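S.K.: I have a structure I would like to understand better, so I am pasting it below and will then ask my questions one at a time.
In the working numbering, the protein residues as written are 2 to 243.
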């Protein structure tokens, strides 16, 4: 009996040590003086983030607003997560993309990005459905009150207002109930701002996750790669419930 109890306690301590050890390298520490602390140098270091019923071990290099080393493990449960990646190879950017307006930043040791290479920013990924693309599409059509055209471009429904063409440039994919897409892109024109972009929603019904994404407008033909890339990364990072 005593031996069994001893073995049980030993197994518990070993299990606790293995879990706690994951944060030993970068323990959560406060700095009352508010001094600057460097970020995590190992961009492959896995950072646990939990949103709703989902937990993900995300390599540090993918994070946006990268926390300092002494704070990276302070808040594992979040209302949303944000990350960035390159198309088409899904690699993480070398620098934090949160305040970087250039989708094709020149990275050391790499050639200049081509038109089919760019960074996608997932500004938020959260377990809610404030407005699925189907709802957004219906609201858009209702707002335009019949004064619009719909064209099929790049595999997307392109909604075009009959008046004030530069007021709205919306694209939708509602063909798959599991993953739907709604995008609002910078309107075309001579006075368009620099770095035109597309921002919108990808909704993964099976995961119950809504993602807000941002990417360059000329990357619109690669929207499927963006959608599938986010799904691939989330699947790779997913941690089974314990």
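Note that the Cβ used here is the ideal one computed from N, Cα and C, for glycine as well. Every value quoted in this text rests on a predicted model; they were computed, and no experiment measured them.
Please state whether DSSP places residue 149 in a helix, a strand or coil.
M.R.: The answer is strand: DSSP assigns residue 149 an E or B state.
S.K.: Can we count residue 218 as close to the ligand NAD, meaning its CB is less than 6 Å from some heavy atom?
M.R.: The ligand NAD is not among the ligands present in this structure, which contains no ligands whatsoever.
S.K.: Note down, in chain order, each residue of its chain lying with its Cβ closer than 7 Å to the Cβ of residue 152, except the 5 sequence neighbours on either side.
M.R.: The residues are 159, 161.
S.K.: Exposed or buried, residue 5, counting other C-beta atoms within 10 Å across all chains shown (16 or more means buried)?
M.R.: Note that residue 5 has pLDDT 43, beneath the 50 cutoff, so the model's placement of it is unreliable and no number is given.
S.K.: Can you tell me where the beta strand (DSSP E) holding residue 171 begins and where it ends?
M.R.: Element bounds for residue 171: 171-174.
S.K.: The alpha helix (DSSP H) that contains residue 1, what's its start and end?
M.R.: Nothing about residue 1 can be read from this structure; the chain reaches only from 2 to 243.
S.K.: What's the call for residue 126, buried or exposed, on a 16-neighbour Cβ count within 10 Å?
M.R.: Classification for residue 126: buried.
S.K.: With the cut-off set at 7 Å, would you say residue 216 and residue 173 are in Cβ contact?
M.R.: No, they are not a contact pair.
S.K.: If we count the other Cβ atoms within 10 Å of its Cβ and call it buried at 16 or more, is residue 50 buried or exposed?
M.R.: Buried is the call here.
S.K.: Please name the residue or residues paired with residue 214 in a DSSP beta bridge.
M.R.: 123, 201, per the DSSP bridge assignment.
S.K.: Go ahead and label residue 230 buried or exposed: buried means 16 or more other beta carbons lie within 10 angstroms of its beta carbon, across all protein chains shown.
M.R.: By the 10 Å Cβ count, residue 230 comes out buried.
S.K.: Are the CB atoms of residue 93 and residue 63 within a distance shorter than 7 Å?
M.R.: Yes, these two residues count as a Cβ contact at 7 Å.
S.K.: Skipping 5 residues on each side, what residues in its chain have a beta carbon closer than 6 Å to that of residue 61?
M.R.: Contacts found: 41, 44, 46, 48.
S.K.: Name the residue from 187, 181, 59 whose alpha carbon lies nearest to the alpha carbon of residue 136.
M.R.: Minimum Cα distance to residue 136 is reached at 181.
S.K.: Grouping DSSP H, G and I as helix and E and B as strand, with all else coil, what is residue 104?
M.R.: Three-state result, residue 104: coil.
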